[in-house]
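S.K.:
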Amino acid sequence: MDFNLPEDLRDMQATIRNFMLNVVEPRAHEIEDTNRIPPELIRQAADLGLFGLSVPEEYGGVGLGTLGRCAVYEAMGQGHMGFGGMISAHASIGTSGLVRLGTEEQKRRFLPRLATGECIAGFAITEPSSGSDAANIRLRAEKRGDAYVLNGTKHYISNAPVAGLLTVIAVTDPLAGTRGMSAFLVEPQTTAGVRIGKIDEKMGQKGSLSAEVIFEDAEVPAANLLGPEHRGYREALGILTNGRVGIAARSTGAMQRLLDLSTEHAKAREQFGKPIAEFQAVQFMLAEMEVAIQTSRLLWQKVAWMVDEGQDVRRMASVAKYHATEMLSEVADKAVQVAGGMGYMKDWPVERFYRDQRLLRIYEGTSEIQKLIIARDLLG
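Each residue of the sequence shown is one higher than the one before, counting from 1 in UniProt numbering.
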């Protein structure tokens with residue numbers, strides 16, 4: 001076994017880490033205050049290829065495999081999590097379905113603009129009545145001639161307020177249950193009958209915008225059906241499964257940043273006449289943080305390799321996401337504890353990471369759903 005990433009991926013990781021820490025992080029307070037990502041940061045991210053991570057080179061993208069994308073996601077995780085969330089929602093679940101299932105015409109129509117960030121992508125599956133219970137989707141798509149007419153509502157959809165393309169899961173055969181759902185490519189900004197609701201006010205992840213998407217007799221051309229009809233639910237699960245390893249990688253990067261901040265603070269902060277790094281209680285917290293990072297990194301690397309090898313990762317993707325996001329929650333709590341009062345202040349990045357990380361245990365499958373997937377697979 002060789003646990004070293006290829007040199008080109010290490011170089012790319014270093015470039016993205018430098019961008020996140022030295023370009024994005026200095027704008028963190030601005031992003032927090034405005035709940036917007038400055039346009040110049042988006043342009044710089046596009047120049048670095050971040051929007052085209054999963055887009056094949058022939059369509060203008062970087063064309064990284066899962067291992068490569070996750071290496072980049074870990075580097076992104078060390079910076080502002082709202083910025084990283086916007087990018088990953090686009091480059092992961094927002095784009096990967098089109099890359100996997102799209103016709104040549106669909107790919108040539110959308111992928112070049114997705115690769116440059118000219119068009120931002122999102123993935124719309126969650127509804128008011130179907131979060132963890134994705135099988136309870138009610139958005140209806142009725143075939144009428146050369147189009148499908150969509151009616152219903154999606155909510156908490158990442159990137160919806162800025163998206164030029166959404167992959168939307170809808171019911172095409174209401175009598176067939178999960179076998180009667182299909183996926184559609186919808187352009188919300190130009191499709192009549194599609195309306196974006198008010199931007200959600202979230203606890204954290206500022207700049208990563210989400211909102212309701214309301215469909216009222218919205219006509220979507222039949223040419224925008226993504227993959228076979230009635231296979232949308234199955235394909236959606238595959239997209240979400242592969243996306244979970246990216247969340248594990250981002251969580252690992254966030255843990256690394258929190259450990260770096262905590263170690264730096266512990267060496268500089270003095271109590272009772274010496275640095276708090278000399279106290280065993282603090283040393284134990286730092287050691288526990290390091291263990292969480294190393295185990296999470298090994299997991300995401302293994303699962304990413306499995307995806308690239310074409311292996312079934314349903315169980316292991318859930319293992320990686322569950323472990324990394326739960327560990328990140330513990331690491332963030334320890335980082336606040338090490339920092340003491342400073343860790344509770346908005347001037348210190350630890351406070352922001354503490355708020356931002358909480359969402360990772362919820363979206364793309366809650367921790368409880370991950371445990372169900374793992375247990376059911378074990379039990380056959």
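Note that beta-carbon positions come from the ideal geometry of N, C-alpha and C, so glycine has one too.
Mind checking K267: buried by the 16 CB within 10 Å criterion, or exposed?
M.R.: Label assigned to K267: exposed.
S.K.: Hey, quick one: how far does the beta strand (DSSP E) through V194 stretch, first residue to last?
M.R.: Where V194 is concerned, the enclosing beta strand (DSSP E) stretches over V194 to I199.
S.K.: State the beta-bridge partners of Y148 as determined by DSSP.
M.R.: Looking at the DSSP assignment, Y148 forms a beta bridge with K143 and V220.
S.K.: For K198, collect the residues of the same chain with a Cβ closer than 8 Å to its Cβ; drop the 5 residues on either side in sequence, then sort them by chain order.
M.R.: The answer, listed in chain order, is A211 and E212.
S.K.: Using only the alpha-carbon positions, how far apart do V168 and G145 sit?
M.R.: Approximately 20 Å between the Cα atoms of the pair.
S.K.: Is the distance from the Cβ of S130 to the Cβ of I369 below 8 Å?
M.R.: No, the pair does not count as a contact, with Cβ atoms beyond the cut-off.
S.K.: In three-state terms, what does DSSP make of Q271?
M.R.: Q271: strand per DSSP, three-state reduction.
S.K.: Tell me which same chain residues have a C-beta within less than 7 Å of the C-beta of R27, skipping the five on either side of it?
M.R.: Counting only Cβ-Cβ distances below 7 Å, and skipping sequence neighbours, we find P38 and L41.
S.K.: Are A320 and V303 closer than 8 Å when you measure CB to CB?
M.R.: Contact flag set, yes.
S.K.: Less than 8 Å between the beta carbons of G193 and I157, yes or no?
M.R.: Contact flag unset, no.
S.K.: In the DSSP assignment, find the unbroken alpha helix (DSSP H) run with G85 in it and report its ends.
M.R.: Unbroken alpha helix (DSSP H) run through G85: M81 to A89.
S.K.: Start and end of the alpha helix (DSSP H) containing M306?
M.R.: Start and end: Q280 to D308.
S.K.: What is the rounded straight-line gap between the Cα of Q271 and the Cα of V338?
M.R.: Computed Cα separation, rounded: 12 Å.
S.K.: Just to confirm, is the Cβ distance from L240 to G365 under 8 Å?
M.R.: Taking 8 Å as the Cβ cut-off, L240 and G365 qualify as a contacting pair.
S.K.: Using three-state DSSP, classify M20 as helix, strand or coil.
M.R.: Note: M20 maps to helix in three-state DSSP.
S.K.: Is M1 helix, strand or coil by DSSP?
M.R.: M1 falls in the coil class under three-state DSSP.
S.K.: State the start and end residues of the unbroken beta strand (DSSP E) segment that holds T167.
M.R.: It spans A163 to V171 - the beta strand (DSSP E) in which T167 sits, taken as one unbroken run.
S.K.: In or out: M203 buried (at least 16 other Cβ within 10 Å) or exposed?
M.R.: So M203 counts as exposed.
S.K.: In whole angstroms, give me the CA-to-CA distance for A287 and G164.
M.R.: Taking the straight line joining both Cα atoms gives about 44 Å.
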